[in-house]
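Novice:
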Amino acid sequence: MASTLGVLEALLRNPGAIATKLEVKQLLKALLKRPGAITSASEAKQLHAQILKHNPSSPLYTSTAICVYSNFKLLNQSLLLFKTLQSPPSLAYKSIIKCYAVNGRFVESLASFVDMRASGNTPDHSVFPSVLKACAFLLDLRLGEAVHGCIIRLGMDVHLITGNALINIRTGAGADSSVKKVFETMTTRDIISWNTVIAGNAQNGLHEDALAMVREMGGAGLKPDIFTLSAILPIFAQYVDVDKGREIHGYVIRYGFDKDLYVASSLINMYSRCARVEDSIRVFKITRQRDTISWNSVIAGCVQNGMFDEGLRLFRQMLKDNVIPGSVSFSSIMPACAHLTTLNLGKQLHGYIMRCGFDDNVFISSSLVDMYAKCGHIRTAGWIFGGIKGRDMVSWTAMIMGCALHGYAEDAISLFEQMKLEGIRPNHVAITAILTACSHAGMIDEGRRYFDRMTEEYGIRPGLEHYAAMADLYSRKGKLNDAYQLISTMTTPTGTIWSLLLSACRVHKNVDLAEKVASKIFEVDPENIGARVLLSNIYANDGRWKEAAKVRMTMRNMGIRKNPACSWIEVKNKIHTFIADDKSHPLHDEINIALCELQEKMELAGYVADTSEVLHDVDDEQKKYLLYGHSERRAIAFGIMSTPAGTTIRVIKNIRICVDCHTAIKLISKIVGREIVVRDNSRFHHFRDGECSCGEYW
DNA sequence: ATTATATTCA
1 MASTLGVLEA LLRNPGAIAT KLEVKQLLKA LLKRPGAITS ASEAKQLHAQ
51 ILKHNPSSPL YTSTAICVYS NFKLLNQSLL LFKTLQSPPS LAYKSIIKCY
101 AVNGRFVESL ASFVDMRASG NTPDHSVFPS VLKACAFLLD LRLGEAVHGC
151 IIRLGMDVHL ITGNALINIR TGAGADSSVK KVFETMTTRD IISWNTVIAG
201 NAQNGLHEDA LAMVREMGGA GLKPDIFTLS AILPIFAQYV DVDKGREIHG
251 YVIRYGFDKD LYVASSLINM YSRCARVEDS IRVFKITRQR DTISWNSVIA
301 GCVQNGMFDE GLRLFRQMLK DNVIPGSVSF SSIMPACAHL TTLNLGKQLH
351 GYIMRCGFDD NVFISSSLVD MYAKCGHIRT AGWIFGGIKG RDMVSWTAMI
401 MGCALHGYAE DAISLFEQMK LEGIRPNHVA ITAILTACSH AGMIDEGRRY
451 FDRMTEEYGI RPGLEHYAAM ADLYSRKGKL NDAYQLISTM TTPTGTIWSL
501 LLSACRVHKN VDLAEKVASK IFEVDPENIG ARVLLSNIYA NDGRWKEAAK
551 VRMTMRNMGI RKNPACSWIE VKNKIHTFIA DDKSHPLHDE INIALCELQE
601 KMELAGYVAD TSEVLHDVDD EQKKYLLYGH SERRAIAFGI MSTPAGTTIR
651 VIKNIRICVD CHTAIKLISK IVGREIVVRD NSRFHHFRDG ECSCGEYW
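Residues 1 to 698 in full-length UniProt numbering are what the first sequence lists, from first letter to last.
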């Protein structure tokens, strides 16, 4: 061998050197046994040159050159040589199959395998892993089966690496017994064999089997490694088992695996799924090396746990650190824009997404549908939804929920039915969406029907969210007793659900029921601020000022304060917030003047202030003045002042819009000729030309 | 030659 390498070295040191035919022959012969002796692409080219010079027509030498080229993944060079062969020998086929595979050209790789078999050449252990990988990548199960059969006939299923590749392809097809069979047939197994089975079980939902195998592998003298751990961490993430997850984290640190990016991302994800965002951020921060995936993990963790601003901050930081965002980055961050209703930011990201060519990604388009719907652009949402290829249940649900929020119940229902026709089974979220749609449109019968049938038709038992939607449906419609009955059938009704009924008691002025409901709420949730505020308002509305004051007093004694009513509007990328009776906005006086002018025009159009919802013990004139202070009106007035004529005004309010403001905004939309979109805490109102899309029902 | 991590609706 040393002499062969000596020849090679001589050739390489002086490419112009003339080797004898004999030397080249010796060299090639040795290389047939040890192609690894060539250690660089340029050496491979030297070799090729020598072959061309001495034996250009020898299929064996040509094959050797192909083999050497393919070791360096040089597909084009390999192909050039391969095409010169009339009937390629086995080595040429094997090399080209592998070379295609390592270059990700799986279709061609498989085609060459088929050619090889047709030519009568017998494949061996060196090609099966590549071929199986190609089958796995292309999800070509039928060919995979055929290859498996071929492997068994050749007795190759005992071969370690081929066996591992076989396990891998079988786990990709879902959980079945053939995985275990292959695993047990193998005469030798290494950690990859174990890891592949474990990962397969984990991904196919066989969590217990996966964990049992992790315990078993110790018996075979193998310790879990980074592959094992990143395969099983998602299990604890799914089960929200932070104790087990922590245990793994300890093991990771003991074995020094914490520098591995896969492990780090899995840990970040595990902690955030277990609602431990702080831990997840800590793992991210101490992981020095970061990639798009670990950034995505931490960003998604923040967003999923409601830390939208932190998520956005990290997203910006990622861009600053020159980490290129991938499609997952966008689908992770978009919900932050949706929840914060930051339309402009959402639009900017949408532009970025289009520039990256990610707009055909279902995850991203579904998140865009949701973002546009939540930001009031239901038409844009519908347009994007219509363009989604391969819509999944989440895409449909986002659109249905969007319609629900905008009060388009009929559209929501027809989408829901269409989804079923396309063979997509609704899950509990989709049902929540359809019930919400019925609730926002007062469609009692339809809602009740979906609710009653959900268990038998979709196999989903009503959860809190479904009861909440139904309670809301009855409550809004004034069917307070029905709502009370329904909630009472629940095993453990929550304060939130009772509160839906309580707020209906206020609207429908039912003080007796309100007292009953309030006491139910305080039983389960004594600190429920909203309920105390509501109760005090209900008393005040009924003129029972003393009782109202008493509730307020209790609140003060308990040290709880209500969140002030506020509205906000985005103008030129800046969010302007208006809090009830707060005078701090720099244009406060101008806004007041504008509101007075509007008021005059409104009165000319027949507006009479409805002071029935002003819950202060003051005279009517003062009540009228208090209505001016309502935050949504001031936000709208500001919007009109600071945007060009005709621009749609979009305002968000943190609590339900009041009756008087609703009437006022209808008139304002007509007077100033603007479309005004107000989102309160449960839905959208589109005001245009004196009308509102909610049809007076909210 | 074969193995693993992150994403949309509530």
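C-beta atoms are modelled at their ideal positions from N, C-alpha and C, and glycine is treated no differently.
E691 by DSSP, collapsed to three states: which one?
Specialist: To locate residue 691, count along the first sequence from 1; it is residue 691. Strand at E691.
Novice: From C356, F358, V179 and H585, pick the residue whose C-alpha is nearest to that of N201; which is it?
Specialist: Mapped onto the first sequence, residue 201 falls at position 201. The candidate whose alpha carbon is nearest that of N201 is V179.
Novice: Identify whether S294 lies in helix, strand or coil by the three-state DSSP scheme.
Specialist: The residue you call residue 294 lines up with position 294 of the first sequence. In the structure shown, S294 sits in a helix (DSSP, three-state: H, G or I).
Novice: When you compare only the Cα positions, how much space is there between P129 and V24?
Specialist: Working through the first sequence from its first residue, we reach residue 129 at position 129. Working through the first sequence from its first residue, we reach residue 24 at position 24. So the two alpha carbons sit approximately 32 angstroms from each other.
Novice: If you run the structure through DSSP and keep just helix, strand and coil, what is A2?
Specialist: On the first sequence, position 2 is the one that residue 2 refers to. Reliability fails at A2, whose pLDDT of 43 lies under 50, so the model's placement of it is uncertain and the value that follows must be treated cautiously. Residue state, collapsed to three classes: helix.
Novice: Is the beta carbon of L314 closer than 8 angstroms to that of I299?
Specialist: Position 299 of the first sequence, counting from 1, holds the residue named residue 299. Position 314 of the first sequence, counting from 1, holds the residue named residue 314. Going by C-beta atoms, I299 is nearer than 8 angstroms to L314.
Novice: From T171 to V182, what does the alpha carbon distance come to, in whole angstroms?
Specialist: Counting from 1 along the first sequence, the entry for residue 171 is found at position 171. Counting from 1 along the first sequence, the entry for residue 182 is found at position 182. For T171 and V182, the distance between alpha carbons rounds to 11 angstroms.
Novice: So, at 7 angstroms on beta carbons, what are the nonlocal neighbours of F400 in its own chain, with the 5 sequence-adjacent residues on each side left out?
Specialist: Here residue 400 corresponds to residue number 400 of the first sequence, with the count starting at 1. Looking at the sequence shown, residue 400 is not Phe but Ile. Correct list, in chain order: A412, L415, F416, A430, A433, I434 and A437.
Novice: Tell me, please, whether the stretch 88 to 98 touches the stretch 48 to 63 by the rule of three or more beta-carbon pairs shorter than 8 angstroms.
Specialist: yes
Novice: Using the Cα positions of C292 and D359, report the straight-line distance between them to the nearest angstrom.
Specialist: What you label residue 292 is simply residue 292 of the first sequence in a count that begins at 1. What you label residue 359 is simply residue 359 of the first sequence in a count that begins at 1. Contrary to the premise, residue 292 reads as Thr rather than Cys in this sequence. Looking at the two C-alpha atoms, the distance is approximately 19 angstroms.
Novice: Skipping 5 residues on each side, what residues in its chain have a beta carbon closer than 6 angstroms to that of R688?
Specialist: Residue mapping note: residue 688 aligns to position 688 of the first sequence, counting from 1. So the list reads S669 and E675, once near-sequence residues are dropped.
Novice: What are the boundary residues of the alpha helix (DSSP H) that I388 is part of?
Specialist: For this step, residue 388 is matched to residue 388 along the first sequence. No alpha helix (DSSP H) contains I388, which DSSP labels as neither H nor E.
Novice: Using three-state DSSP, classify C566 as helix, strand or coil.
Specialist: Here residue 566 refers to the residue found at position 566 of the first sequence. Strand at C566.
Novice: For the 8 angstroms Cβ check, are there 3 or more pairs between the stretch 648 to 655 and the stretch 595 to 614?
Specialist: no
Novice: Tell me the DSSP bridge mates of V158?
Specialist: Here residue 158 refers to the residue found at position 158 when the first sequence is read from its first residue. Note: V158 sits in no beta bridge, so no partner.
Novice: Give a yes or no on contact between the stretch 250 to 268 and the stretch 213 to 220, applying the rule of three or more CB pairs nearer than 8 angstroms.
Specialist: no
Novice: Going by DSSP in three states, F308 sits in which element: helix, strand or coil?
Specialist: On the first sequence, position 308 is the one that residue 308 refers to. F308: helix per DSSP, three-state reduction.
Novice: Are there 16 or more other CB atoms within 10 angstroms of the CB of T187, so buried, or fewer, so exposed?
Specialist: Taking the first sequence and counting its residues from 1, one reaches residue 187 at position 187. Exposed: under 16 other Cβ atoms inside 10 Å.
Novice: Apart from the five residues just before and just after S3, which ones in its own chain have a Cβ nearer than 8 angstroms to its Cβ?
Specialist: Translated into positions along the first sequence, residue 3 becomes position 3. Since pLDDT at S3 reaches only 48, below the 50 mark, its modelled position is unreliable, and no value is offered.
Novice: Under 8 angstroms by Cβ, that's how I've got F284 and I268 pegged, so tell me the actual separation to the nearest angstrom.
Specialist: As a position in the first sequence, residue 284 is number 284, starting the count at 1. As a position in the first sequence, residue 268 is number 268, starting the count at 1. About 5 angstroms; that satisfies the 8 angstroms criterion.
Novice: By how many angstroms is the C-alpha of V107 removed from the C-alpha of K572?
Specialist: As a position in the first sequence, residue 572 is number 572, starting the count at 1. As a position in the first sequence, residue 107 is number 107, starting the count at 1. One C-alpha to the other measures close to 51 angstroms.
Novice: Suppose contacts are defined by Cβ-Cβ distances below 8 angstroms. Is A504 in contact with A518 by that definition?
Specialist: As a first step, residue 504 is located in the first sequence; it is residue number 504 there, counting from the start. As a first step, residue 518 is located in the first sequence; it is residue number 518 there, counting from the start. No, the Cβ-Cβ distance between A504 and A518 is not below 8 angstroms.
Novice: Express the C-alpha separation of N164 and D115 in angstroms, rounding to a whole number.
Specialist: By one-based count along the first sequence, residue 115 stands at place 115. By one-based count along the first sequence, residue 164 stands at place 164. Cα-Cα distance, rounded: 25 angstroms.
Novice: If H339 and F385 are in contact, beta carbons under 8 angstroms, what's the gap, nearest whole angstrom?
Specialist: Counting from 1 along the first sequence, the entry for residue 339 is found at position 339. Counting from 1 along the first sequence, the entry for residue 385 is found at position 385. Contact annotation, H339 with F385: C-beta distance approximately 19 angstroms; criterion of less than 8 angstroms not satisfied.
Novice: Taking the continuous alpha helix (DSSP H) assigned at I591, which residues delimit it?
Specialist: Locating residue 591 in the first sequence gives position 591, where the first residue counts as 1. Start and end: H588 to L604.
Novice: With distances taken from CA atoms, which of L110, H428 and T492 is nearest V147?
Specialist: Translated into positions along the first sequence, residue 147 becomes position 147. The shortest C-alpha separation from V147 is found at L110.
Novice: R679 lies in the beta strand (DSSP E); which residues open and close that run?
Specialist: Here residue 679 refers to the residue found at position 679 of the first sequence. Here the beta strand (DSSP E) through R679 covers I676 to R679.
Novice: Are the beta-carbon atoms belonging to I575 and P564 less than 8 angstroms from one another?
Specialist: Within the first sequence, the letter at position 575 stands for residue 575. Within the first sequence, the letter at position 564 stands for residue 564. Contact: no.
Novice: DSSP three-state label for F315, please.
Specialist: Against the first sequence, residue 315 aligns to sequence position 315. Under the three-state reduction of DSSP output, F315 falls in the helix class.
Novice: I'd like the list of long-range same chain contacts for G560, defined as Cβ closer than 7 angstroms, with 5 residues on each side in sequence excluded.
Specialist: Taking the first sequence and counting its residues from 1, one reaches residue 560 at position 560. Reading off the sequence, residue 560 comes out as Ile, not Gly. Counting only Cβ-Cβ distances below 7 angstroms, and skipping sequence neighbours, we find E527 and I529.
Novice: Excluding five sequence neighbours on each side, which residues of the same chain lie with their C-beta closer than 6 angstroms to the C-beta of Y474?
Specialist: Here residue 474 corresponds to residue number 474 of the first sequence, with the count starting at 1. Around Y474: D482 and A483.
Novice: Roughly how many angstroms lie between the CA atoms of T39 and C67, to the nearest whole one?
Specialist: What you label residue 39 is simply residue 39 of the first sequence in a count that begins at 1. What you label residue 67 is simply residue 67 of the first sequence in a count that begins at 1. Going by the C-alpha atoms only, they are around 13 angstroms apart.
Novice: Check H685 in the structure and name its three-state DSSP category.
Specialist: Translated into the one-based positions of the first sequence, residue 685 becomes position 685. Residue state, collapsed to three classes: strand.
Novice: Measuring alpha carbon to alpha carbon, tell me which of R276, I226, Y262 and D260 ends up nearest residue 748.
Specialist: This structure cannot speak to residue 748, because the chain is shown only from 1 to 698.
Novice: Cutting at 6 angstroms between CB atoms, please list the residues of its own chain near C692, excluding the five before and the five after it.
Specialist: The residue given as residue 692 occupies position 692 in the first sequence. Hits under 6 angstroms: K666 and H685.
Novice: Confirm, please, whether the CB-CB distance from R656 to S631 is below 8 angstroms.
Specialist: On the first sequence, position 631 is the one that residue 631 refers to. On the first sequence, position 656 is the one that residue 656 refers to. No. Outside cutoff.
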